[in-house]
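Worksheet: the structure to be examined is printed underneath.
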Amino acid sequence: MRIDIVTALPAIVSGPLEQSIIKRASAKGLVDIRVHDLRSYGVGKHRLVDDYPYGGGAGMVLKPEPIFRCLEAIREEPYSSIDEVVFLTPDGDIFDQSIANQMSLLDHVVLLAGHYKGVDQRVRDVLVTREISIGDFVLSGGELPALVVVDAVVRLLPGVLGDAESALSDSFQNHLLDAPVYTRPADYRGISVPDVLLSGDHGQIANWRENQRLRHTEARRPDLLGD
């Protein structure tokens, strides 16, 4: 899978991409993540990427020219076939596990990180194929949401996690929260691990975990259970 991140502030996203699971997935060749600095496509000798909004008002708006040029440059690269251009914005569809699952099946995704007051509407009208929000709140830019999407999607790619079953049992898969988990020691400060997890009976353990997932979801997120 290839993921391109288009941003006016590449330093925000570059560091986290060199850590943990994402770094290992890149090293294995399971994902190809490229960060594009909008200022490389900026306007004039000062490489401007933003300007004041027409009609007045506070804040700055990302200009259309750098974004169009960047997307055109990506499309002109050999073997480049973009499946989705995703704009990270507070008024987009709320990102959830089902969207992460869908995106993990794509071959090539471009993530456009908004900043300042947003992007020129013509970018959204012409280039963007999907708009995503990570919640009902406003951040300074779309860089952190882009990283959230990358992390959620990359861990679902085949071969990324050591145990493929791990991702399938995560919270929100099958619309349930995950069950409690324990590790050694079996007794810590008088608090013991549930006996069923020490029993070696895989059938009973599976039943216990499913029951715990249902109870946990009912207590914390009953909306996920529907009717």
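Take any residue in the sequence shown, count from 1 to its spot, add 399: that is its number in my numbering. Just so you know, even glycine gets a beta-carbon here, dropped at the ideal spot from N, CA and C.
Under the three-state reduction of DSSP, GLU483 is assigned to strand.
Closest in C-alpha terms to HIS435, from the list PRO465, LYS444, SER419, MET459, comes PRO465. In the three-state reduction of the DSSP assignment, PRO465 falls in the helix class, which pools H, G and I. Shown here, ASP495 sits in coil according to DSSP, grouped into three states, outside any helix or strand.
Excluding sequence positions up to five before and after ARG608, its CB lies within less than 7 Å of the CB of ALA578, all in the same chain and listed in chain order.
Residue ranges of uninterrupted alpha helix (DSSP H) with 4 or more members, entirely inside the region 410-443 and ordered along the chain, are 419-426.
Excluding five sequence positions before and after LEU546, the CB atoms of its chain that fall closer than 7 Å to its own CB belong to VAL412, PRO415, given in chain order.
When the five nearest sequence neighbours on each side are left out, the beta carbons in the same chain lying within less than 7 Å of the beta carbon of GLN611 are those of ALA578, PRO579, in order along the chain. PRO584 and SER591 have their C-alpha atoms spaced approximately 9 Å apart. With fewer than 16 other Cβ atoms inside 10 Å of its own Cβ, ALA426 counts as exposed.
In the displayed model, ALA578 falls within coil according to three-state DSSP, outside both helix and strand.
Take the alpha-carbon of VAL525 and the one of LEU538: they are about 24 Å apart.
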